Amino acid sequence: MVSTDNETPPFFKRGLPPSARASLYLALSFAMLISDLRMHYLDGTRQALAVLAYPLQFAAATPAEYVHKASSYFSGLASLQRENSRLKARELAMASQVLFTEQLQRENSDLRNLLLMQQNLRVRSSAAEIVFTARDPFSRKVILNKGSQQNIEPGSPVVDQAGVIGQVTRVYPLHAEVTLLSDKDQAIPVVIERSGLRAVMFGTGNGLMELKFLAANAEIRPGDRILTSGLDGIFSPGLPVATVLKITRDSAESFARILCRPVGNVERSGAVLVLSRIGPRLQRPEEEDTSDPRRASAGRIRGTRSSAPAAAPTSAGSTAPESSSSGNTTQERR
Amino acid sequence: MQPTHRSPRLLLPVRMGFVTFSLLVALVLNLVPVGNFYAVPDFVALVLAFWCVREPHRVGMGTAFILGVIIDVPYAAVMGQHSIAYVLLAWAAVVNSRRLLWFSPSVQALHMVPLFLMVQLVQLVLRLLAGHRFPGWEYFFSCFATAALWLPAHYLLLWPQMRPIEHDENRPL
Numbered sequence: 001m002v003s004t005d006n007e008t009p010p011f012f013k014r015g016l017p018p019s020a021r022a023s024l025y026l027a028l029s030f031a032m033l034i035s036d037l038r039m040h041y042l043d044g045t046r047q048a049l050a051v052l053a054y055p056l057q058f059a060a061a062t063p064a065e066y067v068h069k070a071s072s073y074f075s076g077l078a079s080l081q082r083e084n085s086r087l088k089a090r091e092l093a094m095a096s097q098v099l100f101t102e103q104l105q106r107e108n109s110d111l112r113n114l115l116l117m118q119q120n121l122r123v124r125s126s127a128a129e130i131v132f133t134a135r136d137p138f139s140r141k142v143i144l145n146k147g148s149q150q151n152i153e154p155g156s157p158v159v160d161q162a163g164v165i166g167q168v169t170r171v172y173p174l175h176a177e178v179t180l181l182s183d184k185d186q187a188i189p190v191v192i193e194r195s196g197l198r199a200v201m202f203g204t205g206n207g208l209m210e211l212k213f214l215a216a217n218a219e220i221r222p223g224d225r226i227l228t229s230g231l232d233g234i235f236s237p238g239l240p241v242a243t244v245l246k247i248t249r250d251s252a253e254s255f256a257r258i259l260c261r262p263v264g265n266v267e268r269s270g271a272v273l274v275l276s277r278i279g280p281r282l283q284r285p286e287e288e289d290t291s292d293p294r295r296a297s298a299g300r301i302r303g304t305r306s307s308a309p310a311a312a313p314t315s316a317g318s319t320a321p322e323s324s325s326s327g328n329t330t331q332e333r334r
Numbered sequence: 335m336q337p338t339h340r341s342p343r344l345l346l347p348v349r350m351g352f353v354t355f356s357l358l359v360a361l362v363l364n365l366v367p368v369g370n371f372y373a374v375p376d377f378v379a380l381v382l383a384f385w386c387v388r389e390p391h392r393v394g395m396g397t398a399f400i401l402g403v404i405i406d407v408p409y410a411a412v413m414g415q416h417s418i419a420y421v422l423l424a425w426a427a428v429v430n431s432r433r434l435l436w437f438s439p440s441v442q443a444l445h446m447v448p449l450f451l452m453v454q455l456v457q458l459v460l461r462l463l464a465g466h467r468f469p470g471w472e473y474f475f476s477c478f479a480t481a482a483l484w485l486p487a488h489y490l491l492l493w494p495q496m497r498p499i500e501h502d503e504n505r506p507l
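One line per chain: the protein sequences are A and B, in this order.
Read left to right, the first sequence gives residues 1 to 334 (our numbering).
Read left to right, the second sequence gives residues 335 to 507 (our numbering).
Structure (structure tokens):
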């Protein structure tokens with residue numbers, strides 16, 4: 001049979017040439033990249049894919065966990081006994097403190113009532129376990145085994161027995177992503193315990209953290225404990241975060257370079273607590289009148305500076321810079 | 335089809351079910367948590383590149399794109415980061431497929447090093463542009479580990495297509 005029209009026989013039909021197909025898919029990928037990075041359009045897609053991928057992830061993680069557990073099972077009797085006796089001693093020590101704490105809390109709330117002050121932050125904690133570390137080498141994230149089904153909310157602080165380790169940044173139905181404090185984009189408002197100086201702490205990305213924007217002659221020494229200041233309204237005040245490791249004071253620069261080591265086992269897995277706030281939200285301080293333009297602009301610069309990294313994780317990130325720029329008022333009100 | 339174009343041995347036609355299965359296994363292997371240990375091979379890139387070289391008309395940029403999108407989510411990476419890298423890898427593998435198949439598997443592995451390196455470079459550039467930090471030079475170990483697995487993968491993935499060598503005097507091949 002002779003075909004009259006010049007149609008290509010189906011054998012040669014291969015669709016678009018490879019380069020054209022590649023550029024098509026590349027364009028699609030770049031569109032996804034930009035809409036995820038800049039506009040956060042793809043959160044729904046991400047949720048759906050996360051639910052699909054979670055069984056695969058779990059299937060991959062379970063044998064690895066078994067191997068890990070088996071090795072500790074065979075080596076662990078002595079270490080378990082040691083840990084048990086240590087925990088018992090610690091429980092005894094804690095028991096007396098707990099008894100006092102209840103009484104102190106009641107007394108504190110009575111006193112606050114008498115002085116007509118706002119009540120302290122109350123937090124609800126739920127235990128969770130870090131199931132695996134996310135593979136992305138560019139950021140420091142871990143995955144918790146609880147998600148929105150268990151009332152985990154984005155923005156909640158995550159602590160272990162020693163101190164703060166990070167903040168929940170993405171919540172999926174069955175699991176949640178925690179950005180560790182050592183991530184480059186993670187910022188946390190802190191206070192130095194000894195001197196009461198307030199500052200913002202950033203991750204460096206290599207397991208340590210850095211206190212930024214503290215003057216070169218700031219009152220700080222290696223070994224100082226650093227606590228959360230609670231000015232952001234997310235982290236409750238007084239949680240231990242880090243200890244100062246090294247201070248470089250360079251007279252050529254106006255800020256000291258302060259490296260800190262986290263107190264929590266930030267990079268290792270285990271059981272953690274997710275703290276979520278209950279009770280009244282902190283009131284935002286009123287907009288300051290711009291009678292003092294220097295101060296107002298300083299606040300704005302600092303605001304954009306620290307809201308940029310926190311913008312992705314939480315909506316509450318936007319409140320952090322405002323309250324930190326007028327920290328004194330918040331402190332007095334509470 | 336032969337294992338390589340020089341090989342006198344004939345292979346059975348590939349079954350798409352096995353291709354899908356191998357890609358799925360690679361996906362699961364990629365999700366094994368390894369902590370901050372960098373020199374872990376990228377199994378998805380390996381298997382994807384392998385099938386792109388072997389079966390350029392069946393596995394290609396579309397598969398690469400889907401795999402990339404799937405893997406971005408559990409990696410907690412930026413959406414589209416892996417799909418860009420994998421689409422480029424698939425394109426390079428498809429275009430070079432006919433040339434690559436003239437070489438023995440171990441020489442093919444050498445040819446694959448730059449391709450896997452490109453996968454990592456593309457991701458690095460994208461993330462640095464997005465404002466993340468450089469993870470250190472050990473980040474690049476991964477592409478060599480991936481290329482080193484090319485030879486075992488060659489025999490493992492072609493194994494279902496192998497058939498016993500029959501010496502038949504009346505058959506030319």
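Built from N, CA and C at the ideal position, the CB exists for glycine as well.
Nothing here was measured: the structure is a model prediction, and the numbers come from that model.
Per-residue burial, residue i [other beta carbons within 10 Å of its own, 16 or more giving buried]
i: A/VAL67; result: exposed
i: A/THR344; result: Here chain A comprises residues numbered 1 to 334, so residue 344 of chain A is not present and cannot be evaluated.
i: B/ALA426; result: buried
i: B/ARG349; result: exposed
i: B/ALA410; result: buried
i: B/TRP471; result: exposed
i: A/SER229; result: buried
i: A/ASP43; result: exposed
i: B/SER476; result: buried
i: B/MET496; result: exposed
i: A/GLY336; result: Outside the shown range of chain A (1 to 334) lies residue 336 of chain A, about which nothing can therefore be said.
Three-way DSSP call (helix, strand, coil) for residue i in this model
i: B/LEU491; result: helix
i: B/THR338; result: coil
i: B/ILE418; result: helix
i: B/PHE371; result: coil
i: A/ARG106; result: helix
i: A/GLN186; result: coil
i: A/ARG14; result: coil
i: B/PHE437; result: coil
i: A/PRO63; result: helix
i: A/GLU177; result: strand
i: A/GLY238; result: coil
i: A/PRO55; result: helix
i: A/LYS146; result: coil
i: A/ALA256; result: coil
i: A/GLN81; result: helix
Rounded straight-line distance, which links the Cα of residue j to that of residue i
i: B/MET452; j: A/LYS69; result: 37 Å
i: B/MET335; j: B/LEU344; result: 6 Å
i: B/TRP514; j: B/LEU401; result: Nothing about residue 514 of chain B can be read from this structure; chain B reaches only from 335 to 507.
i: A/LEU336; j: A/SER126; result: With chain A represented from 1 up to 334, any question about residue 336 of chain A goes unanswered, as that position is not in the structure.
i: A/LEU28; j: B/ALA398; result: 12 Å
i: B/MET395; j: A/SER72; result: 44 Å
i: A/TYR54; j: B/PRO408; result: 7 Å
i: A/SER23; j: A/PRO17; result: 10 Å
i: B/LEU380; j: A/SER182; result: 31 Å
i: B/ALA481; j: B/GLN415; result: 21 Å
i: B/ALA464; j: A/ASN206; result: 18 Å
i: A/GLN161; j: A/PRO262; result: 12 Å
i: B/ALA419; j: A/ALA48; result: 22 Å
i: A/ARG194; j: A/ASP224; result: 7 Å
i: A/VAL131; j: A/VAL142; result: 8 Å
i: A/GLY203; j: A/PRO157; result: 15 Å
i: A/ALA176; j: B/TRP385; result: 34 Å
i: A/PRO189; j: B/ALA360; result: 42 Å
i: A/SER254; j: A/LEU245; result: 20 Å
i: B/VAL353; j: A/SER19; result: 23 Å
i: B/LEU444; j: B/VAL429; result: 17 Å
Residue-chain proximity (residue i, chain B), Cβ-Cβ < 8 Å
i: A/LEU28; result: yes
i: A/TYR73; result: no
i: A/GLY205; result: yes
i: A/PRO137; result: yes
i: A/SER19; result: yes
i: A/THR81; result: Position check: residue 81 of chain A holds Gln in this sequence, whereas Thr was assumed. Taking Cβ atoms only, chain B never reaches closer than 8 Å to A/GLN81, which makes this a no.
i: A/LEU259; result: no
Chain A contact for residue i (CB, 8 Å cutoff)
i: B/GLN415; result: yes
i: B/TRP385; result: no
i: B/LEU423; result: no
i: B/PHE450; result: no
i: B/ALA373; result: no
Runs of beta strand (DSSP E) lying entirely within the segment 198-227 of chain A, each at least 3 residues, in chain order: 198-203 and 209-212
Continuous alpha helix (DSSP H) assignments of at least 4 residues falling wholly in the segment 422-473 of chain B: 439-463
Near-chain C residues of the segment 38-53 of chain A (beta-carbon distance less than 8 Å), N- to C-terminal order: Going by chain labels, chain C is absent from the structure shown, which instead holds the protein chains A and B.
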